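Undergrad: The structure is given below, and queries will be raised subsequently.
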Amino acid sequence: MTLKMRTTFFATLTAMALTSNIITPYQAWVQAQTVKPVPSPVPTDNPSPSVTPDPISLPNPVEVTIPDGTEIILSTLDELSSKTARTGDLVTLRVDEDLIIEGKAVITAGTRARAEIAEVQKSGLFGRRGKLTLKILSTSAVDGTKISLLAGRNSEGGGNVGVSIAVFALVSPLGFLIKGSNAIIPVGTKIRAIIDGRTKIRISQ
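What the sequence shown shows, in mature numbering (1 follows the signal peptide of the UniProt record, and there is no 0), is residues -28 to -1, 1 to 177, in sequence order.
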C-alpha cells in the first residue's frame, strides 16, 4: 500500500468514527463521572390542612363574700416561751378547719396564718412574772387574697391579742422568794380568730 493510499485509509476511518455512534473508552469514563441532578419533589395539589386544637374552656370563677366577724380556729405550730421570744418576732400558725361560705371552702385547713409576739416579759425574782402575748395578724383565702384577722372574743387577752400567758413567782414555805417559770405557749394551742372586715374573693366553680 502506497503512502497516499494509507493516508486516505486512515482519514476515512477517522471520518467514520466522528459520524458514527461509537463511544471511545475515554468518552465512556467521562460520562460515568457526570452526576445526574436529583429531580425536585413534585408538590401535591391538595396539601393536608393544618389541625387547630380546640380551645380549653376554663370554669368561670364566682365571687364569694366572707362576712366581717366570721370565726376561724387557729393553732400554734411551735412552742413559744418568754425565755427565748422577743417582741416583734413573727410566728406561724395554721388554720385548723375549712372555712365554708355559701357551700364553698374559702379558707382551707392547713393554710398558714401569721401572728406576732406583742409583749415578752421574762420571769425573775421579787415577784417579777413571766409573760408572753401573741397578736393575730392574717391568713390567706384559696385565691391568695390576704385576710386580716383579729383575736376572737373567747381568746385570752382580748382585743387583737390571741394568747396572753402570765406566770408568777412563788414563795417557799421558809419565806424565800423562788424565781417563777417562764411563760410558755405549747404546740397545738387553739386560738379563736375572726375575719377583720368584709372580704370578697373569687373561686372557680
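C-beta atoms are modelled at their ideal positions from N, C-alpha and C, and glycine is treated no differently.
All values reported here derive from a predicted model rather than from experimental measurement.
Would residue 72 be called buried (16 or more neighbouring beta carbons within 10 Å of its own) or exposed?
TA: The residue is exposed, with fewer than 16 neighbouring Cβ atoms inside 10 Å.
Undergrad: For residue 65 and residue 32, I'd like the C-alpha separation in whole angstroms.
TA: Going from the Cα of residue 65 to the Cα of residue 32 covers about 32 Å.
Undergrad: Taking Cβ to Cβ, would you say residue 171 is nearer than 8 Å to residue 44?
TA: Contact: no.
Undergrad: Since residue 88 and residue 63 should fall inside the 8 Å C-beta cutoff, what is the C-beta to C-beta distance between them, to a whole number of angstroms?
TA: Between residue 63 and residue 88 the Cβ distance is about 7 Å, and since that is below 8 Å, they are a contact.
Undergrad: How long is the line joining the alpha carbons of residue 48 and residue 167, rounded to whole angstroms?
TA: For residue 48 and residue 167, the distance between alpha carbons rounds to 18 Å.
Undergrad: On the criterion of 16 or more Cβ atoms from any shown chain inside 10 Å, does residue 155 qualify as buried, or is it exposed?
TA: That one is buried.
Undergrad: In whole angstroms, what is the alpha-carbon distance linking residue 123 and residue 95?
TA: Whole-angstrom Cα-Cα distance: 25 Å.
Undergrad: Let me confirm a value: residue 92 is counted as buried when at least 16 other C-beta atoms fall within 10 Å, else exposed. Which label applies?
TA: By the neighbour-count rule (16 or more Cβ atoms within 10 Å), residue 92 is buried.
Undergrad: Using CA coordinates, which residue listed in 78, 160, 109 and 105 is at the minimum distance from residue 35?
TA: The option with the nearest alpha carbon to residue 35 is 78.
Undergrad: So, helix, strand or coil for residue 81, using DSSP?
TA: The answer is coil: DSSP assigns residue 81 none of H, G, I, E or B.
Undergrad: Roughly how many whole angstroms lie between the Cα atoms of residue 57 and residue 69?
TA: Cα to Cα, residue 57 sits roughly 27 Å from residue 69.
Undergrad: Using three-state DSSP, classify residue 157 as helix, strand or coil.
TA: The answer is strand: DSSP assigns residue 157 an E or B state.
Undergrad: Return no unless some Cβ of chain D is closer than 8 Å to the Cβ of residue 116.
TA: Looking at the structure shown, chain D is missing, and only one protein chain is on hand.
Undergrad: Strictly by DSSP, which residues pair up with residue 170?
TA: Answer by DSSP bridge pairing: none, since residue 170 is not bridged.
Undergrad: Using only alpha-carbon positions, find the residue among 50, 41 and 40 that is nearest to residue 162.
TA: Residue 162 has its Cα closest to that of 50, out of 50, 41 and 40.
Undergrad: Could you name the residues that DSSP lists as bridge partners for residue 49?
TA: The partner list for residue 49 (beta bridge, DSSP) is empty, contrary to what the question assumes.
Undergrad: Please classify residue 55: does DSSP put it in a helix, a strand, or coil?
TA: Looking at residue 55 - three-state DSSP - the assignment turns out to be coil, as it is neither helix nor strand.
Undergrad: In terms of residue numbering, what span does the beta strand (DSSP E) encompassing residue 179 cover?
TA: As shown, the chain starts at -28 and ends at 177. That puts residue 179 outside it, with no answer to give.
Undergrad: Using the Cα positions of residue 158 and residue 80, report the straight-line distance between them to the nearest angstrom.
TA: One C-alpha to the other measures close to 23 Å.
Undergrad: How many Å lie between residue 153 and residue 102 at the Cα?
TA: The straight-line gap from Cα to Cα measures roughly 7 Å.
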